[in-house]
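Structure first, commentary second.
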Amino acid sequence: MKELKFKYFPNAIKEVFTTGDTQICDCCGEETDIYYEGPFYSEEEIEVLCPKCIASGRAAEELEGQFIDDACVDEIEDEEKLEELIYKTPSYTAEQEAYWLAHCDDYCAFMGEVTWEEIQNMGIEYVLDELEEYDPEEVKEALDGESDMAGYLFKCLHCDKYRLHIEIE
Ligand SMILES: [Zn+2]
Ligand SMILES: [Zn+2]
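Offset between the sequence shown (1-based) and our numbering: plus 748.
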């Protein structure tokens, strides 16, 4: 199957889909050897979704669900972008609940969980300066991949700036 790309989650196939066996998609009923078992908020309990049903919006529409809680996203002007994010983008698994950052009036691409060491290696220490609720020094200490603090990295699709979302368990 041709690999699908999700604008707001470029590594989704690798990060939040499972491969290795075959499952039946709860939406289209077809066999799929790559499937999503991440967050999906719907009335019915949905366990397996194929990438096609997510990307096309079919899963969200037919199963009346969404992948990201619209209370857990930055606010932007463009309603269509919000719809693409919550209805057509697989979410990531956070310790508590995924939150999606925006920049340049669009949602950012989710890059993955990062530690302070990785942030330094990437040369993007500036992401700490923009955290409003956290002391950068504390974050440096705690973001070691083991403490109860987790850092989720995003990249703006327009200006390439990185942003960090912090979550405390
Ligand atoms: Zn499907
Ligand atoms: Zn930007």
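From the three backbone atoms N, C-alpha and C, an ideal C-beta is built for every residue, glycine too.
Check, Outcome
"Please report the residue range of the alpha helix (DSSP H) in which Ala890 lies.", "Pro884 to Ala890"
"Using the C-alpha atoms, what's the distance from Tyr840 back to Ala846?", "6 Å"
"Classify Met749 as helix, strand or coil using the three-state DSSP reduction.", "Its pLDDT being 48, under 50, Met749 is placed unreliably by the model, and the measurement read from it follows with that caveat. Residue state, collapsed to three classes: coil."
"With a Cβ-Cβ cutoff of 7 Å, do Met897 and Ile872 count as a contact?", "no"
"Between the Cα of Lys919 and the Cα atoms of Glu885, Tyr910, Leu912 and Pro838, which residue gives the shortest distance?", "Examination of residue 919 is not possible in this model, given that the chain is present from 749 through 917 alone."
"Express the C-alpha separation of Ala842 and Ala760 in angstroms, rounding to a whole number.", "14 Å"
"Could you pull out every residue in the same chain whose Cβ sits closer than 8 Å to the Cβ of Ile772, ignoring the five residues on either side in sequence?", "Glu778, Glu779, Thr780 and Val796"
"Grouping DSSP H, G and I as helix and E and B as strand, with all else coil, what is Glu861?", "strand"
"Between which two residues does the alpha helix (DSSP H) carrying Ile872 extend?", "Ile872 -> no alpha helix (DSSP H), and no H or E assigned at all."
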